[in-house]
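Residues 29 to 443 in this note's numbering are what the sequence shown lists, from first letter to last. Glycine included, C-beta positions come from ideal geometry on N, C-alpha and C. Notes follow once the structure below has been shown.
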Amino acid sequence: MSEFLNAVQNAQSEMRRLFPATPLLRNDYLSGLYGADIWLKREDLSPVRSYKIRGAFNAMRKALAADREQSLFVCASAGNHAQGVAYNCRHFGVRGVIFMPVTTPRQKIGKTTAFGGDNVEVILTGDYFDDTLAAAQAYAAEKGGRFLPPFDDTDVIEGQASVGLEILEGMTGAIDLVVLPVGGGGLSAGITRLFQERAPETGLRYVEPAGGASLTAAIAAGQPVTLPRVDNFVDGAAVARIGSLNFEVLQHVDQHHVMTVPEDRICLSIVDLLNIEGIVLEPAGAMSVNLLEDIRDEIAGKTVVCVTSGGNFDFERLPEVKERALRYSGLKKYFVLRLPQRPGALKEFLNLLGPDDDIARFEYLKKSARNFGSVLIGIESKETAAIDRLFARMHDAGFVFQDITDDETLAAFLI
29 MSEFLNAVQN
39 AQSEMRRLFP
49 ATPLLRNDYL
59 SGLYGADIWL
69 KREDLSPVRS
79 YKIRGAFNAM
89 RKALAADREQ
99 SLFVCASAGN
109 HAQGVAYNCR
119 HFGVRGVIFM
129 PVTTPRQKIG
139 KTTAFGGDNV
149 EVILTGDYFD
159 DTLAAAQAYA
169 AEKGGRFLPP
179 FDDTDVIEGQ
189 ASVGLEILEG
199 MTGAIDLVVL
209 PVGGGGLSAG
219 ITRLFQERAP
229 ETGLRYVEPA
239 GGASLTAAIA
249 AGQPVTLPRV
259 DNFVDGAAVA
269 RIGSLNFEVL
279 QHVDQHHVMT
289 VPEDRICLSI
299 VDLLNIEGIV
309 LEPAGAMSVN
319 LLEDIRDEIA
329 GKTVVCVTSG
339 GNFDFERLPE
349 VKERALRYSG
359 LKKYFVLRLP
369 QRPGALKEFL
379 NLLGPDDDIA
389 RFEYLKKSAR
399 NFGSVLIGIE
409 SKETAAIDRL
419 FARMHDAGFV
429 FQDITDDETL
439 AAFLI
């Protein structure tokens, strides 16, 4: 047995004092949809609703074993890592100081303090995470605390690898494929190392958000690189730079096995699993399920495990998620209509609507025009073809309009 595998097994054994193994469940809905045997490793059902509790536990456990006088742990996080650290601080009876950006939603701050109780202090500083991180590291150095990185740390990687160990122990038959979400790379690197030793015959696929594909960029460059821009919608995986220790493992994977999924399409999986299965996933937690659409032909008839990495979903985001899902699927369109300023013009437009076309937005953008007025209109329908037919009728009737649904610049200002 290798030193790494032994360390992972020890971490898993000690972890059982804190929480039981998360469920590994076959999902009938997804299995039927893709003609495969689809299983979900439900990290969204851990005590803090994400796998981050594992790495934090292992790093803190080993730090305390090495130095019993260590009583202060520090981290910087706006989400799952903060909650994992907080939970473990209360478990080990140590003090934790958690730095979070000033812009962090109150819901996440509240959950972090609830998990940590009197053992945790939250400090809000910095508008951007880099500023928050620098402040946390400076504080740890000044106070002699142990700084806990979210993913680029050997002990954290060992802890996250326990997810893979539970997958192997929970399946009675062979696994053809495991789909791993990638953010900073701690989870994916840990499970990759584990499967290389324990189940090298199992295929691995890696999925990143299109707006934060740090592993894809690192493989292309041959080394970790910092992305110039990151879309923070998938906040649990939108990382600008893959961890260096993690890339040492992941640089050897087949680049064709590292894939990206668009943020708007991830919303489809969030909504589907919520409505159909009652499963609450955050965007990062839904990425592995969303990738199944791209590998549909590959997985037909096979046994596939998707790691649903987290379920810390703020329901205040649900309207945005539903909106993005509808727009991606083509069931909702926004357009600017050049409406003649004469009696009956609006009625002519309304008469063009089909029986299932619903006006979700109607707003005059320019009311003072003498001949024409610009109107922002949002139309929602039950099928994509219905909106296409509406656009055709509008064109035939001589209406001038511009579809701005996919225009990021205009949509940002108007929608």
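Give the range of the alpha helix (DSSP H) segment to which tyrosine 356 is assigned. Within the sequence shown, numbered from 1, the residue matching residue 356 stands at position 328. Element bounds for tyrosine 356: 346 to 357.
Within a Cβ cutoff of 7 Å, which residues of the same chain sit near leucine 53, ignoring the five residues on either side of it in sequence? By 1-based counting over the sequence shown, the position of residue 53 is 25. In the same chain as leucine 53, and ignoring 5 residues on each side of it, the C-beta atoms closer than 7 Å to its own belong to Trp67, Leu68, Arg70, in chain order.
Cα separation between leucine 442 and serine 402? Within the sequence shown, the letter at position 414 stands for residue 442. Within the sequence shown, the letter at position 374 stands for residue 402. Note on geometry: alpha-carbon atoms of leucine 442 and serine 402 lie some 12 Å from one another.
So, are the CB atoms of lysine 136 and alanine 106 less than 8 Å apart? Numbered from 1 along the sequence shown, position 108 holds the residue referred to as residue 136. Numbered from 1 along the sequence shown, position 78 holds the residue referred to as residue 106. The answer is yes: Cβ separation under 8 Å.
Could you name each continuous beta strand (DSSP E) segment of 3 residues or more that falls completely within the region 93 to 161, going from the start of the chain to the end? Unbroken beta strand (DSSP E) runs of no fewer than 3 residues, entirely contained in the region 93 to 161, are found at 100 to 104, 123 to 128, 148 to 152, following chain order.
With a cut-off of 8 Å on the beta carbons, I'd call isoleucine 307 and tyrosine 62 a contact; round off their distance for me. Looking up residue 307 in the sequence shown gives position 279. Looking up residue 62 in the sequence shown gives position 34. Not really, about 16 Å apart at Cβ, beyond 8 Å.
Does the region 240 to 253 come within contact of the region 42 to 56, defined as at least 3 CB pairs closer than 8 Å? Touching, no, given that fewer than three Cβ pairs across the two stretches are closer than 8 Å.
Under 7 Å Cβ to Cβ from lysine 90, same chain only, skipping five residues before and after it: list those, please. Counted from its first residue, the sequence shown places residue 90 at position 62. Only Asp183 meet the Cβ criterion.
In chain order, what are the residue ranges of uninterrupted alpha helix (DSSP H) at least 4 long that sit wholly in the region 158 to 226? Qualifying alpha helix (DSSP H) stretches, in chain order: 182 to 198, 214 to 226.
From phenylalanine 223 to leucine 193, what does the alpha carbon distance come to, in whole angstroms? Sequence index remark: in the sequence shown, residue 223 carries index 195 (1-based). Sequence index remark: in the sequence shown, residue 193 carries index 165 (1-based). Each residue's alpha carbon lies about 9 Å from the other.
Measuring alpha carbon to alpha carbon, tell me which residue in Asn86, Gln111, Phe120 is nearest glutamate 97. By 1-based counting over the sequence shown, the position of residue 97 is 69. Ranking Asn86, Gln111, Phe120 by CA distance to the CA of glutamate 97 puts Phe120 first.
Taking its Cβ as the centre, do 16 or more other Cβ atoms sit within 10 Å of histidine 109, making it buried, or is it exposed? Indexing the sequence shown from 1 puts residue 109 at position 81. With a threshold of 16 other beta carbon atoms within 10 Å, histidine 109 meets it and is buried.
Have a look at glycine 338 and leucine 309 and give me their C-alpha separation to the nearest angstrom. Residue 338 sits at position 310 when you count from the first residue of the sequence shown. Residue 309 sits at position 281 when you count from the first residue of the sequence shown. Glycine 338 and leucine 309: Cα-Cα distance of roughly 6 Å.
Within 10 Å of its beta-carbon, does asparagine 86 have 16 or more other beta-carbons around it, so buried, or fewer, so exposed? Reading the sequence shown from its first residue, position 58 is the one you call residue 86. Burial call: buried.
Looking at the structure shown, is leucine 320 part of a helix, part of a strand, or coil, going by DSSP? Looking up residue 320 in the sequence shown gives position 292. Looking at leucine 320 - three-state DSSP - the assignment turns out to be coil, as it is neither helix nor strand.
Reducing DSSP to helix, strand and coil, say where glutamate 411 ends up. Residue mapping note: residue 411 aligns to position 383 of the sequence shown, counting from 1. Residue state, collapsed to three classes: coil.
Would you call alanine 84 buried or exposed, if buried means 16 or more other Cβ atoms sit within 10 Å of its Cβ? Residue 84 sits at position 56 when you count from the first residue of the sequence shown. Buried, because 16 or more other Cβ atoms sit within 10 Å of the Cβ of alanine 84.
Under 8 Å, do threonine 288 and arginine 355 count as touching if we go by C-beta distance? In the sequence shown, the residue the question calls residue 288 occupies position 260. In the sequence shown, the residue the question calls residue 355 occupies position 327. When the beta-carbon positions are compared, threonine 288 and arginine 355 stay at least 8 Å from each other.
Among all the DSSP beta bridges, which residues are the ones paired with glutamine 430? In the sequence shown, the residue the question calls residue 430 occupies position 402. Note: glutamine 430 sits in a beta bridge opposite Val364.
First through last residue of the beta strand (DSSP E) which encompasses tyrosine 234: Residue mapping note: residue 234 aligns to position 206 of the sequence shown, counting from 1. Per DSSP, tyrosine 234 is one residue of the beta strand (DSSP E) stretching across 231 to 237.
Distance check for proline 237 and isoleucine 195, CA to CA, integer angstroms please. Counting from 1 along the sequence shown, the entry for residue 195 is found at position 167. Counting from 1 along the sequence shown, the entry for residue 237 is found at position 209. Across the structure, isoleucine 195 and proline 237 are spaced so that their CA atoms are roughly 24 Å apart.
Report yes or no: do three or more beta-carbon pairs, one from the region 142 to 158 and one from the region 127 to 134, lie closer than 8 Å? In short, these stretches touch, since the Cβ pair count reaches three.
Hey, leucine 255 and alanine 268 are a contact pair by Cβ (cut 8 Å); roughly how many whole angstroms apart? Residue mapping note: residue 255 aligns to position 227 of the sequence shown, counting from 1. Residue mapping note: residue 268 aligns to position 240 of the sequence shown, counting from 1. Separation of the CB atoms of leucine 255 and alanine 268 is rounded to 5 Å, and the pair is thereby assigned contact status at 8 Å.
When we look at the beta-carbon of isoleucine 247 and count the other beta-carbons within 10 Å, is it buried (16 or more) or exposed? Numbered from 1 along the sequence shown, position 219 holds the residue referred to as residue 247. Here isoleucine 247 is buried, its C-beta having at least 16 other C-beta atoms within 10 Å.
Do threonine 230 and isoleucine 270 come within 8 Å of each other at the CB atom, strictly closer than that value? The count along the sequence shown starts at 1 and reaches residue 270 at position 242. The count along the sequence shown starts at 1 and reaches residue 230 at position 202. 8 Å or more divides the Cβ of isoleucine 270 from the Cβ of threonine 230.
Environment of glutamine 251 [buried if 16+ CB atoms lie within 10 Å]: One-based indexing of the sequence shown puts residue 251 at position 223. Glutamine 251 comes out exposed.
Which one of Lys361, Pro371, Asp385 has the shortest CA to CA distance from aspartate 431? Locating residue 431 in the sequence shown gives position 403, where the first residue counts as 1. Here the closest residue by C-alpha is Lys361.
Suppose contacts are defined by Cβ-Cβ distances below 8 Å. Is aspartate 2 in contact with lysine 410 by that definition? This structure leaves residue 2 out entirely; the chain is present only between 29 and 443.
Burial state of leucine 367 (16 or more Cβ within 10 Å): One-based indexing of the sequence shown puts residue 367 at position 339. With 16 or more other Cβ atoms inside 10 Å of its own Cβ, leucine 367 counts as buried.
Contact set for proline 75: own chain, Cβ-Cβ below 7 Å, skip 5 residues either direction: Translated into positions along the sequence shown, residue 75 becomes position 47. The residues are Phe47, Ile81, Tyr115.
Quick one, are the C-beta atoms of aspartate 259 and glutamate 291 less than 8 Å apart? As a working mapping, residue 259 is identified with position 231 in the sequence shown. As a working mapping, residue 291 is identified with position 263 in the sequence shown. Closer than 8 Å, so yes.
Among Gly382, Gln40, Pro311, Thr412, whose alpha-carbon lies nearest the alpha-carbon of proline 209? Indexing the sequence shown from 1 puts residue 209 at position 181. When C-alpha distances from proline 209 are compared across Gly382, Gln40, Pro311, Thr412, the shortest belongs to Pro311.
Restricting to runs no shorter than 4 residues, where is the alpha helix (DSSP H) found entirely within the region 240 to 274? Qualifying alpha helix (DSSP H) stretches, in chain order: 242 to 249.
I'd like the span of the beta strand (DSSP E) that includes alanine 288, first residue to last. Counted from its first residue, the sequence shown places residue 288 at position 260. According to the sequence displayed, residue 288 carries threonine and not alanine. Residues 286 to 289.
Given this structure, state the Cα-to-Cα distance separating isoleucine 415 from methionine 199, to the nearest angstrom. On the sequence shown, residue 415 is found 387 positions in, with the first residue counted as 1. On the sequence shown, residue 199 is found 171 positions in, with the first residue counted as 1. Distance between the alpha carbons of isoleucine 415 and methionine 199 is about 45 Å.
DSSP beta-bridge partners for phenylalanine 400? Taking the sequence shown and counting its residues from 1, one reaches residue 400 at position 372. BP columns for phenylalanine 400 point to Pro368.
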